[in-house]
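First comes the structure, then the notes that go with it.
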Amino acid sequence: MSTPTFDEAALRRPEFTEGYKAALGDGREWTFPKAVLRIVPARLADGSFGVKETPPYGDDYQADLRVVLDNADDTPEGIYRYVVARMTLAAKLLLRNYDLTDDQLADLLYFDTGGGTNAMWAAIDRIIVGDAPKA
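No gaps in the numbering here: position 89 of the sequence shown is 80 in our numbering, and each next residue is one more.
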């Protein structure tokens, strides 16, 4: 089954912002807005200090990011939560820059259990945490 190609420039939202690029399911590069994570000091319950992250796109982004950063766990359920969380974050970021239908999004962001999408998701994982993908 071949994946359709889309006119990336024509699908840009008026509020499109430059950011990090990654080759997605159609083989072309798409731009994700930068997810800038801010880490600030936070007083813990015992009075000592730790840190907390200020989510770039709201608390729901933060909750999904926490699952990705914690890598869920090695159970089938944990792995599934991890895949869902990273796909959710990627979709949220991509939809900030592009006006995509659900079908277009599915053609661009998919996970292949055979390993064919490992490079794509490695780049996306770096983008999700605000780090530029390695070229």
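The beta-carbon is built from N, C-alpha and C at its ideal position, and this holds for glycine as well.
In this text the structure is predicted, and so the values were computed from the model without any measurement.
Residue closest to residue i, alpha-carbon to alpha-carbon, out of the options
{"i": "V59", "options": "A113, P(-5), E(-1)", "result": "A113"}
{"i": "I118", "options": "D90, G106, G105, T79", "result": "T79"}
{"i": "L149", "options": "K43, D94, E20", "result": "Not covered by the structure: residue 149. The range shown for the chain is -8 to 126."}
{"i": "G107", "options": "A14, D37, D64, D55", "result": "A14"}
{"i": "A167", "options": "T22, P67, Y73", "result": "With the chain represented from -8 up to 126, any question about residue 167 goes unanswered, as that position is not in the structure."}
{"i": "P32", "options": "E20, V75, I70, T45", "result": "T45"}
{"i": "T22", "options": "R4, L56, D103, D61", "result": "R4"}
{"i": "Y52", "options": "G105, V75, K12", "result": "V75"}
{"i": "T104", "options": "K12, D93, I70", "result": "I70"}
Beta-carbon proximity check, residue i vs residue j, cutoff 7 Å
{"i": "G18", "j": "Y101", "result": "no"}
{"i": "N88", "j": "F(-3)", "result": "no"}
{"i": "G41", "j": "P24", "result": "no"}
{"i": "D98", "j": "P(-5)", "result": "yes"}
{"i": "A82", "j": "L96", "result": "yes"}
{"i": "L2", "j": "D90", "result": "yes"}
For residue j and residue i, believed in contact at Cβ under 8 Å, the rounded distance
{"i": "R77", "j": "D116", "result": "6 Å"}
{"i": "L84", "j": "A26", "result": "6 Å"}
Please give the ranges of any beta strand (DSSP E) in the stretch 37 to 91, keeping only runs that are unbroken, at least 3 residues long and fully inside the region.
40 to 45
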